[in-house]
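Residue numbers (the numbering used here): 1 to 313. Glycine is no exception: its CB is placed at the ideal position from the N, C-alpha and C atoms. Shown next, in structure tokens, is the structure this report addresses.
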């Protein structure tokens, strides 16, 4: 009987100890919880309410029902900005992954020098996005930009990156590669976890570098690549600072603004330039829906393409 009582007491003490640890943990993270609720959850909920109102920041919100959402389907610049954003995302995500993977594979072979080059590749990530937007105008100037000078020097045509609508988005994709250091570091860590024995066996079987990359490297790090695809897709749909700085921030109308009108830029204009905060809130929820749909589709497709360690399929 005493054994039963002592076991019950021990169980009660453990529950009490676990409860105290839980309370202590919640107290430690309570500043973050409060910040998350106040600065993230509440603004999201309130923006949902504002999306059904006519609100100009100065006057009280006026409930208008679905009017903002109906207006979005009739607004041609919504379609334009969404198309620009989609094209940019489709161009930027593969370019980002391919270039980052190529550089990570080179770093893997750099041995002792990899630490230095890893730092060099990551440093541009610390560059403010506004500075990158200004850098875009300097490097990709159609007349005397450094990129066009290099292209002319080797006999290639030099596009007008900032004025030709066809080349605006490819130019922004190229400048976005400036700050992909974090992706390089993540891919490098994934590459180091690929078993060396797989490459040794492949070389014995006569596999060349391309076959080793496509049959071993990419499948073994597919989960990391998938993570970067998701993150960069979301970042692509939220493209704002570089394009706004280069094409809208200075108020210069000589550049091809329509080709660089991304969805978040148009959202910003509606909310903070035209003070159509209710309409901007509806646009934000539309963007959230679009990103959610693309993310869900990517997760569904990944079930057949992504390998996870320990996966028995």
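Asked, Found
"Alpha-carbon to alpha-carbon, residue 159 and residue 214", "33 Å"
"Supposed close pair residue 107, residue 117 - CB separation, criterion 8 Å", "6 Å"
"DSSP state of residue 54 mapped onto helix, strand, coil", "strand"
"Meets three-Cβ-pair contact criterion under 8 Å: the segment 187-206 and the segment 141-155", "no"
"Secondary structure of residue 385, DSSP reduced to three states", "Here the chain covers residues 1 to 313 and nothing more, so residue 385 does not appear."
"Cβ pair count under 8 Å reaching 3, the segment 262-282 against the segment 235-246", "yes"
"Continuous alpha helix (DSSP H) stretch holding residue 143: start and end", "Here residue 143 belongs to no alpha helix (DSSP H), and DSSP marks it neither H nor E."
"Closest by C-alpha distance to residue 53, when choosing among 6, 308, 293, 279", "279"
"Sufficient close CB pairs (3 or more, under 8 Å) joining the segment 201-211 to the segment 165-184", "no"
"Nearest-angstrom Cα separation, counted from residue 165 out to residue 133", "17 Å"
"Contact belief for residue 228 with residue 183 at Cβ below 8 Å, rounded distance in angstroms", "5 Å"
"Rounded C-alpha distance that separates residue 25 from residue 82", "43 Å"
"Boundaries (first-last residue) of the alpha helix (DSSP H) holding residue 167", "165-176"
"Proximal residues to residue 66 (C-beta, below 6 Å), its chain only, five neighbours per side dropped", "none"
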